[in-house]
Amino acid sequence: HCASAILLLCLCSYWGPLGIAIGFLVPPILVHNVDDLDELGYHIRVMFYITAGFTTVMFILVIMVFQDKPEIPPSQAQLQAKHILSVGSSYAASLLRLLRNLPFMLLVVSYGINVGSLYTISTLLNRMIIGSYPGQEENAGRIGLTLILSGILGSFLCGIWLDRTKLFKQTLFAMYILTLIGMLVFTFTLSLGHLWLVFITVGTLGFFMSGYLPLGFEYGIELTYPEAEGTSSGMLNVLAQIFGIIFTICDEKVIDKWGTLAGNIFLTCFLLIGTIITGLIKSDLRRQQANVENCLSTVSGTYFCVSNVIQFLIVDAKLTHPTVSDYRKTFIWSTRSKMCTI
């Protein structure tokens, strides 16, 4: 169940980046670079009408279709967490426990740096590209699309990898190091004059940087179990937004004063700090441990029940060669009489 949940989260997380990818691709097509302000305003207005119509439809669908919560807990760990949290645990108390959870707080900071850097690059990418390749507005949009789509692929492949290995910290640490390397390569190849090379470097950077997003959420859930998943995910999102705003404002000022190269080095330095912080996180996989304990409990209960049935048939009922029907009837009787439970 937990493996399926990891892959499901990675699959669901595709749609956010896909919307961002469309945001890179469509606006340069709808809004042309023209000198006439009236014509420019008309194209922008049409784009906003399309966006408003689409989001309105989504709003209605969310109200009509979405459930508040699943009818059946998706895993044994969630069933246990639901029972624990139902025993008088407030949101404020849960938040305080998360703030005292050092591994999770380190993850919050490192996640905020990574995702905040992604938001900054996404926001300023058009300016970076146009600064080095004037007149390439549409290609700048395509490069942004490449950044996000490669990240979707990264999320998918990492989701499969986590399903098979459960190596949360190792995977996140490797993704962070490769993000740092990708940022360095992008920084020092942007101004070489080869647009095809920018597509490759940005795609590589996006594969690791955007692919990191769902992995951070999953690792946060592991570190904070049995706290509500919405609380831990919310904290990760909040700090990512805060870092994104701060980085975008600061990086824009750095680019204004010293150029794109200095702005990218600014982000690279923070990604190096995030990599070090990720390496310091203690891997405390609480949800995995809860699932293992529940599985062992179920196996132990099954073994005890089967042992009782065999003992009853051979010792008490004195059946030398019990049939399958004897086993089935005795098993049903034993569970109903609570001789054994599973």
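If you read the sequence shown in UniProt numbering, its first letter stands for residue 1, the second for the next number, and so on.
All residues carry an ideal CB built from backbone N, CA and C; glycine is no exception.
Since the model is a prediction, treat every value here as computed from it, not as a measurement.
For Gln-67, no alpha helix (DSSP H) encloses it, and the DSSP letter there is neither H nor E. Within a 10 Å sphere around the beta-carbon of Leu-98 sit 16 or more other beta-carbons, which makes this residue buried.
The criterion of a C-beta distance shorter than 9 Å is not satisfied by Ser-122 and Tyr-176. When DSSP assignments are scanned along the region 136-186, the uninterrupted stretches of alpha helix (DSSP H) that are 4 or more residues long and fall wholly within it turn out to be 137-165.
A contact is defined here as three or more CB-CB pairs under 8 Å, and the region 232-244 fails this definition with respect to the region 178-195. Rounded to whole angstroms, Met-105 and Leu-271 show a C-alpha spacing of 17 Å. Listed in chain order, the non-local C-beta contacts of Leu-147 below 6 Å within the same chain comprise Val-202 and Gly-206, local neighbours out to five positions each way being set aside.
Contact check between the region 182-196 and the region 122-137: three or more CB pairs, one atom from each, fall below 8 Å, which counts as touching. When the Cα atoms are used, Gly-274 and Gly-41 turn out to be separated by approximately 41 Å.
Residues Pro-17, Gly-206, Phe-207, Met-209, Ser-210 and Gly-211 of the same chain have their beta carbon placed closer than 7 Å to that of Gly-151, with the five preceding and five following residues left out of the count.
Separation of Lys-282 and Cys-158 (C-alpha to C-alpha, rounded to the nearest whole angstrom) is 20 Å.
Bounds of the alpha helix (DSSP H) holding Ile-265 are 260-280. Linking Ala-174 to Thr-260 through their CA atoms gives a straight-line distance of about 27 Å. For Glu-227, the secondary structure class from DSSP, reduced to helix, strand or coil, is coil. Around the C-beta of Tyr-219, 16 or more other C-beta atoms lie within 10 Å, and the residue is accordingly described as buried.
With a threshold of 16 other beta carbon atoms within 10 Å, Val-57 falls short and is exposed.
For Leu-124, the enclosing alpha helix (DSSP H) starts and ends at 102-132. Residues Leu-125, Ile-129, Val-198, Phe-199 and Val-202 of the same chain have their beta carbon placed closer than 7 Å to that of Ile-143, with the five preceding and five following residues left out of the count. Annotated three-state conformation of Gly-193 is coil, per DSSP. Our two residues, Arg-164 and Thr-171, have alpha carbons roughly 12 Å apart in a direct line. With contacts defined by Cβ atoms closer than 9 Å, Leu-118 and Leu-213 form a contacting pair. Judged by their CB atoms, Leu-223 and Leu-285 are nearer to each other than the 9 Å cut-off. Assignment of Val-238 by DSSP, reduced to helix, strand and coil, places it in the helix class. A residue is called buried once 16 or more other Cβ atoms fall within 10 Å of its Cβ, and Met-235 is buried on that count.
Distance between Leu-107 and Gly-116, taken at the CA atoms: about 13 Å. Note on Thr-51: under 16 other CB atoms within 10 angstroms of its CB, so exposed under the neighbour-count rule. The criterion of a C-beta distance shorter than 9 Å is not satisfied by Ile-113 and Ile-249. The C-beta separation of Gly-141 from Pro-27 comes to about 7 Å, placing the pair in contact by the 8 Å criterion. Annotated three-state conformation of His-32 is coil, per DSSP.
In the structure shown, Gly-211 adopts coil according to DSSP, grouped into three states. Relative to Leu-267, the option among Phe-186, Thr-204, Ala-228 and Gly-216 whose CA is nearest is Phe-186.
Ile-255 and Ser-191 have their alpha carbons spaced roughly 14 Å apart.
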